[in-house]
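Counted from 1, the sequence shown has number 86 at position 87 by numbering that gives the first Met the number 0; the numbering is strictly sequential. For each residue, glycine too, the CB sits at the ideal point set by N, CA and C. Everything below concerns the one structure shown next.
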Amino acid sequence: MSEFDPYLRLRPSTRGGSCRCPALRGLLLVNMFTRNPLYCEQCRNEVDPERLQLSVREVDSVADWVRVAHALQMLWLDSGEYERYAKARMLDINGQVNQKGLALAGLLSARVPTRLWFWHDPADGEPTLCPQCQRQLDKNVEWGTARCPVCPMHL
Ligand SMILES: [Zn+2]
Ligand SMILES: [Zn+2]
0 MSEFDPYLRL RPSTRGGSCR CPALRGLLLV NMFTRNPLYC EQCRNEVDPE
50 RLQLSVREVD SVADWVRVAH ALQMLWLDSG EYERYAKARM LDINGQVNQK
100 GLALAGLLSA RVPTRLWFWH DPADGEPTLC PQCQRQLDKN VEWGTARCPV
150 CPMHL
């Protein structure tokens, strides 16, 4: 009953529906306002951390990351005095939430290729250049707006 569940911080899914794709081709690290920010790029459902065999430390890193990404989103949505600050933090590719996100994507890519979903403000229009390498983005994506042909970035 009280057996320790090492995946608890990334469970349960609040949307129901976990990925059941027979093979994982790509993961997206993205704050979808759920506890678990690991999504299958094919079926767009959450991927259970147990399936990825994440260590307790990795679960903590992912859970810590989404907590901060979520907090910044909430500050931005609350607008007023927080809006500009939160937006600047989320749009700074060298900022903490994005650097940690990229490091996590790199770590997870040892198992399944993982991209960080980089936030942008819809009011600013669609991004055309990668925020990290400034290359033209590939807009041929089924989910989201674009991806960088070089960096593990999704937008
Ligand atoms: Zn899937
Ligand atoms: Zn790039």
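Residue span of the beta strand (DSSP E) that contains R134, given as start and end: Taken as a continuous stretch (DSSP letters only), R134 belongs to no beta strand (DSSP E), as it is neither H nor E.
Other residues of its chain near D4: CB distance less than 8 angstroms, five sequence neighbours each side excluded: R10
Collapsed DSSP secondary structure at M31 in the structure displayed: If DSSP states are grouped into helix, strand and coil, M31 belongs with coil.
Closer than 5 angstroms to ligand 1: residues, by C-beta to nearest heavy atom, in chain order: Chain-ordered, the residues whose CB falls short of 5 angstroms from any heavy atom of ligand 1 come out as C18, C20, C39, Q41 and C42.
Residue nearest to L27 in terms of C-alpha spacing, selected from P21, C42 and R19: Of P21, C42 and R19, the residue nearest in Cα terms is C42.
Range covered by the beta strand (DSSP E) that runs through Y38: First-last of the beta strand (DSSP E) with Y38: L37 to C39.
Inter-residue spacing [alpha-carbon to alpha-carbon] between A145 and S54: Rounded to whole angstroms, A145 to S54 spans 31 angstroms at the Cα level.
Per DSSP, cross-strand counterpart(s) of R114: According to DSSP, which records beta bridges pairwise, R114 is partnered with L27.
Spatially closest choice to M31 from Q98, N93 and W116, by CA coordinates: W116
Straight-line gap, W118 to E2 (C-alpha atoms, nearest Å): 37 angstroms
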